[in-house]
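See below for the structure under consideration.
Quick look at the structure:
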């Protein structure tokens, strides 16, 4: 993401791939980590020497109500 002239976030690039058959059986949190790993590898040249952070929608569940 980057900011435009009005300060709004804009997508710079999209990247995707198909999951391997074994990866389709992973739990959701592992699939999300796999996606982050893939993105870090693909965009490595742009991230080197820069400070980066990830925004995720991972929700931790507890057995308590």
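Residue numbers (UniProt numbering): 1 to 65.
By construction, the Cβ of each residue, glycine as well, lies at the ideal position given by its N, Cα and C atoms.
Source: prediction; values computed, not measured.
Beta-carbon contacts of residue i that lie in its chain and below 7 Å, excluding the five residues immediately before and after
| i | result |
| --- | --- |
| residue 49 | none |
| residue 36 | 54 |
Distance, residue j Cα to residue i Cα
| i | j | result |
| --- | --- | --- |
| residue 20 | residue 34 | 11 Å |
| residue 8 | residue 2 | 8 Å |
| residue 27 | residue 54 | 20 Å |
| residue 47 | residue 29 | 23 Å |
Pick from the options that is closest to residue i, judged by C-alpha positions
| i | options | result |
| --- | --- | --- |
| residue 56 | 31, 42, 2, 47 | 31 |
| residue 14 | 39, 54, 28, 4 | 39 |
| residue 16 | 41, 27, 28 | 41 |
Unbroken alpha helix (DSSP H) run spanning residue i, endpoints
| i | result |
| --- | --- |
| residue 46 | 44-47 |
DSSP state of residue i mapped onto helix, strand, coil
| i | result |
| --- | --- |
| residue 9 | strand |
| residue 2 | strand |
| residue 62 | For residue 62, the pLDDT reaches just 47, beneath the cut-off of 50, and the residue's location in the model is therefore unreliable, leaving the point undetermined. |
| residue 19 | coil |
Spatial neighbours of residue i in its chain, beta-carbon cut-off 8 Å, leaving aside the 5 residues before and after
| i | result |
| --- | --- |
| residue 10 | 1, 2, 3, 4 |
Contact test: residue i Cβ vs the ligand ZN heavy atom, cutoff 8 Å
| i | result |
| --- | --- |
| residue 30 | Ligands are entirely absent from the displayed structure, and the ligand ZN is therefore not among its contents. |
Own chain partners of residue i with C-beta closer than 6 Å, once the 5 adjacent residues on each side are dropped
| i | result |
| --- | --- |
| residue 22 | none |
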